[in-house]
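Just so you know, the sequences run in chain order A and B.
Oh and the first sequence: position 36 is 477 in this note's numbering, straight run, nothing missing.
Oh and the second sequence: position 49 is 490 in this note's numbering, straight run, nothing missing.
Working notes for the structure below.
Number of protein chains: 2
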Amino acid sequence: MAQAIAGPEIERLIQLLARLPGLGPRSARRAALHLINRREQLLSPLADAMRVAAERIVVCESCGNIDTSDPCTICRDMGRDRSILVVVEGVSDLWALERAGAVRAGYHVLGGVLSPLDGVRPEHLALDGLVARAALPETRELILALNATVDGQTTAHYVTDLVAHLPVRVTKLAHGVPVGGELDYLDEGTLTAAMRQRTAV
Amino acid sequence: MAQAIAGPEIERLIQLLARLPGLGPRSARRAALHLINRREQLLSPLADAMRVAAERIVVCESCGNIDTSDPCTICRDMGRDRSILVVVEGVSDLWALERAGAVRAGYHVLGGVLSPLDGVRPEHLALDGLVARAALPETRELILALNATVDGQTTAHYVTDLVAHLPVRVTKLAHGVPVGGELDYLDEGTLTAAMRQRTAV
């Protein structure tokens, strides 16, 4: 449609923007106009930031995090507890835990979870690296910070079996009532888990 | 937050993405990861498309449309009816009318609508150019395709007064029931307008 009225360059920009999560064809057009109307403040800086990211971002060979250095900032951080490895599905989960400041430890990004339906098998995940790191003498605990979904829990079981021969403690995140959450809106599974794992006041 | 874990380059990309309409901080992080995970297919092409857009897109001196040429593709299109000028608030409205194939005519982009509350006064809009084009001998009709809001209709009245001395017909878009729309969900103003402007079957 738009290529006939605004030239192929704008149409191409819209088509690429529409492939971002959260943007559809209509919001991609709005985003393109927004960018074009803010050329110096936004369009040029964003083009440069993307170019820099495309050229400089690498995946950390050790933990699977993304950064502009390998080993990544987290793996190079000497202030972290090296005896704990937090196992996550993806980098977004790592970011979420870091934003929360939940733990100052190392991470291991699996790059997915096992999913027979989606054809994700063990060889698609960074499991060899995880077992190797779990076998290091300094590693004492693996925290499985995986989603509380069927695939996430299947993966947790699989990882637990994989490292069962190692002298490493395996833990997982607690289930319970979200902070600020109302009981009335919670599902029965969460309420039952929260009741069973109740803590002393 | 994230700058401590993923380097300033990724944090800058997220901050710039968060300034796009429709993306907030959380979806900007998702978009950044999506881009980084698709470096060759999406991140690099999008960086290039933005660079091209930043360098080559110009505003048409005649009509205010954006394009990579001036005059723009529409102003150079000899197949359009030169006697009609469609007056729109912004380029997004021009695109919407062109997608609909509603009219094959010239356009004039005002670059906004009069809005005392937002401090938008006549000198902020492309009104001089509009009057000059309306005064051209070939121009016979101005179609005011402005939003049916208070500001849009104020602007329509203002434009009508501005060209009142010229031998040009001024029209506006019809009000009525949207195609596919249900009467039950329409406001009284639209229903009244649709009734008053009813057409013969």
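Beta carbons: idealized from backbone N, C-alpha and C, even for Gly.
Quick one, are the C-beta atoms of residue i and residue j less than 8 Å apart?
i	j	result
A:P512	A:S524	no
B:L555	B:T509	no
B:G547	B:I515	yes
A:A586	A:V529	yes
A:E664	B:A494	Residue 664 of chain A cannot be examined here, being either before or after the span of chain A that is shown, 442 to 642.
B:L454	A:S533	no
B:I544	B:T580	The sequence shown places Val at residue 544 of chain B, not Ile. For B:V544 and B:T580, no; Cβs fall outside 8 Å.
B:L457	A:A472	no
A:L434	A:V611	Missing from the structure shown is residue 434 of chain A; chain A here goes from 442 to 642 and no further.
A:S468	B:G531	no
A:G505	A:H549	yes
My understanding is that residue i touches residue j, with C-beta atoms under 8 Å, so please give their C-beta distance in whole angstroms.
i	j	result
B:L526	B:A575	7 Å
A:I477	B:I498	6 Å
B:V618	B:L627	6 Å
B:Y599	B:P563	7 Å
B:A635	B:H616	7 Å
Using 10 angstroms around the beta-carbon of residue i, count the other beta-carbons present and answer buried if the total reaches 16, otherwise exposed.
i	result
A:R637	exposed
B:M643	This structure cannot settle anything about residue 643 of chain B, because the visible part of chain B is limited to 442 through 642.
B:A641	exposed
A:R639	exposed
B:V604	buried
A:G630	exposed
B:L483	buried
B:T633	exposed
A:L535	buried
B:R540	exposed
B:L487	buried
B:R517	exposed
A:G560	exposed
B:G448	buried
A:D625	exposed
A:P466	exposed
**Asked** Using a beta-carbon distance cut-off of less than 8 Å, what residues from the region 604-623 of chain A approach chain B?
**Response** Within the region 604-623 of chain A, no residue qualifies.
**Asked** For the region 549-606 of chain A, which segments carrying the beta strand (DSSP E) assignment without a break, of at least 3 residues, lie completely within its bounds, in sequence order?
**Response** 582-585
**Prompt:** Listed in chain order, which residues of the region 447-469 of chain B have Cβ atoms closer than 8 Å to some Cβ of chain A?
**Reply:** A447, G448, E450, I451, R453, L454, L457, L458, R460, L461, P462, G463, L464 and S468
**Prompt:** For the region 574-586 of chain A, which residues have a beta carbon sitting closer than 7 Å to at least one beta carbon of chain B?
**Reply:** none
**Asked** Between the region 505-516 of chain A and chain B, which residues of the former have a C-beta closer than 9 Å to a C-beta of the latter?
**Response** N506, I507, D508, T509, S510, C513, T514 and I515
**Message:** Closer than 7 Å between beta carbons: that is the criterion. Which residues of the region 477-508 of chain A meet it against chain B?
**Reply:** I477, R480, L483, L484, S485, P486, L487, A488, A490, M491, R492, V493, A494, A495, R497, I498, I507 and D508
**Minimum length 3: unbroken beta strand (DSSP E) runs contained in the region 463-496 of chain B** = Secondary structure in the region 463-496 of chain B: no beta strand (DSSP E) run of 3 residues or longer lies completely within the stretch.
**the region 516-533 of chain A: positions lying closer than 7 Å to chain D by Cβ** = Looking for chain D here will not work: the only protein chains present are A and B.
**Message:** Under 8 Å, CB to CB, which of the residues in the region 557-568 of chain B have a partner in chain A?
**Reply:** none
**Asked** Between the region 540-557 of chain A and chain B, which residues of the former have a C-beta closer than 8 Å to a C-beta of the latter?
**Response** R540
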